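Each number in my numbering corresponds to the 1-based position in the sequence shown with 625 added. Backbone N, C-alpha and C fix where the C-beta goes; we use that ideal spot for every residue, glycine too. Note that the structure is a prediction, hence the values are computed from the model and not measured.
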Amino acid sequence: MIKFGIIGTNWIAQQFVDAAQASGEYELTTVYSRKMATAEAFGSKNGASQSFDDLTTFFTTGDFDTVYIASPNSLHYEQSAQAITAGKNVIIEKPAFATQAQMTKIQSLLAANPELHYFEAARNIHTPNFAAIAKQMAKMPTIQGGNFTYMKYSSRYDKVLAGEEPNVFSLKFAGGALEDLGVYPVYDAVTLFGVPQEVAYFPQRIQTGVDGKGVAILRYDDFDVTLNFGKTTNSHMPSEVYGLKDTIVIDDAGELTQASYFDAEGHETVISTPVTDNQMLPEARDFARVLNDPANPQNQADYHRWLDLSVQVNKVLYNLRQNGDIVFADEPAN
626 MIKFGIIGTN WIAQQFVDAA QASGEYELTT VYSRKMATAE AFGSKNGASQ
676 SFDDLTTFFT TGDFDTVYIA SPNSLHYEQS AQAITAGKNV IIEKPAFATQ
726 AQMTKIQSLL AANPELHYFE AARNIHTPNF AAIAKQMAKM PTIQGGNFTY
776 MKYSSRYDKV LAGEEPNVFS LKFAGGALED LGVYPVYDAV TLFGVPQEVA
826 YFPQRIQTGV DGKGVAILRY DDFDVTLNFG KTTNSHMPSE VYGLKDTIVI
876 DDAGELTQAS YFDAEGHETV ISTPVTDNQM LPEARDFARV LNDPANPQNQ
926 ADYHRWLDLS VQVNKVLYNL RQNGDIVFAD EPAN
């Protein structure tokens, strides 16, 4: 049983705790929040025995070997570095880090602590339906790019319209559409097509200075991949992977709940399976598989592939942000 601690008590933290417990591989023991009452309430609800409002004490005296970090984006690097230094495995909620320099420093810490593991919780690429899409693509003789859309109205945008600045829409906390919902289509594209040769980002800024929505273009040797994402409106446009006359059609780039293959004659074959479980359950199981048996060659190969993807996605996100001239508050030089 993997004993894990958690930083953050928001809805996504609860979803991961539910998935971890459903997997039967984890035990939540320790909770950190800036407010002790919040940590205690979350811990009591989920069976944790320890609560902390001091991060250093959390890492030095908490009874856990793996930490799940679901704090605001701007805090991910410092908390991950502190975790690795304290001898803890890290599961970091996406996006991992704001800059390539931060990612490089984490890589150096991991190299100095080879017994530890770092996972970015990009849930979409761990799902059975993503595997089905990749399998179908491998059968297609010609690939001509794709179009991935993930656009959902955020209830916190109501606060922006009321004159407030919630974390997810704040440059101070490395917020914005690209760093939130945009991570999913970037992961889709990098995992399925590889790292693009060049990128362009056309953000639509809102009053807080972040991108509320945007369009990104990833340029490859023989095709482009278009990404549409945002938090200020809803989209019902499907995502697609283009063959020659055949096409894979996906409901959206984040949830991946439905996917079909249309052959050259337009005949449809459903390649997805119904989603009935918590969508974080596959990633929780994957991470547990590695943590429980790190010497297994397949587990090692999967772990290093996920780590490489995290580094590549970090690079693409950073380059897109630079191209779109989005600079976070107090951002360190890269």
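Around I750, the same chain offers Y812, T816 as residues with beta carbons nearer than 6 Å, after the five sequence neighbours per side are excluded.
In the DSSP annotation of this structure, the continuous segment of the alpha helix (DSSP H) that includes A726 starts and ends at 725 to 737. Counting C-beta atoms within 10 angstroms of its own C-beta, F677 has 16 or more neighbours from the protein chains shown and is therefore classed as buried. Straight-line measurement puts the Cα of Q769 at about 12 Å from the Cα of L843. The three-state secondary structure of D813, taken from DSSP, is helix.
Across the set G633, A721, E665, Q675, the C-alpha of A721 shows the shortest separation from the C-alpha of L934. With contacts defined by Cβ atoms closer than 9 Å, I627 and L916 form a contacting pair. Contact annotation: the region 779 to 790 does not touch the region 877 to 889, with fewer than three C-beta pairs closer than 8 Å. Of E745, I731, A746, the smallest CA-CA separation from P739 is found for I731. According to the DSSP assignment, Y657 belongs to no alpha helix (DSSP H) but to the beta strand (DSSP E) extending over 651 to 657. Within the same chain, G630, I632, T655, Y657, F677 come within 8 Å of F683 by CB-CB distance, once the 5 residues on both sides are set aside. Counting only runs of 3+ residues, the beta strand (DSSP E) found wholly inside the region 828 to 868 occupies 836 to 844, 849 to 855, 864 to 867, in chain order. Beta-bridge annotation (DSSP): K660 is not paired with any residue. Around the beta carbon of G712, fewer than 16 other beta carbons sit within 10 angstroms, so the residue counts as exposed. Annotation for V952: no beta strand (DSSP E) segment contains it, and DSSP assigns it neither H nor E.
Within the DSSP secondary-structure output, E718 pairs in a beta bridge with A746.
Taking the Cα positions, A799 is about 9 Å away from V835. The bridge partners DSSP lists for Y886 are I873, T894. Secondary structure within the region 901 to 946: the alpha helix (DSSP H) runs of 4 or more consecutive residues, fully enclosed, are 906 to 917 (chain order). The three-state reading of DSSP puts T685 in helix, counting H, G and I together. M905 and E745 have their alpha carbons spaced roughly 12 Å apart.
Straight-line spacing of the CA atoms in T724 and N939 works out to 7 Å. A straight line joining the alpha-carbon of A737 with that of P922 spans about 21 Å. The shortest C-alpha to C-alpha distance from S864 to any of K856, T857, I873 is the one to I873. Between K777 and L741 a beta carbon distance of about 34 Å is seen, past the 8 Å cut, so the two are scored as non-contacting. DSSP places T710 in the helix class (H, G or I) of the three-state scheme.
Annotation for R659: D678 place their beta carbon closer than 8 Å to its own, counting only its chain and skipping 5 residues before and after.
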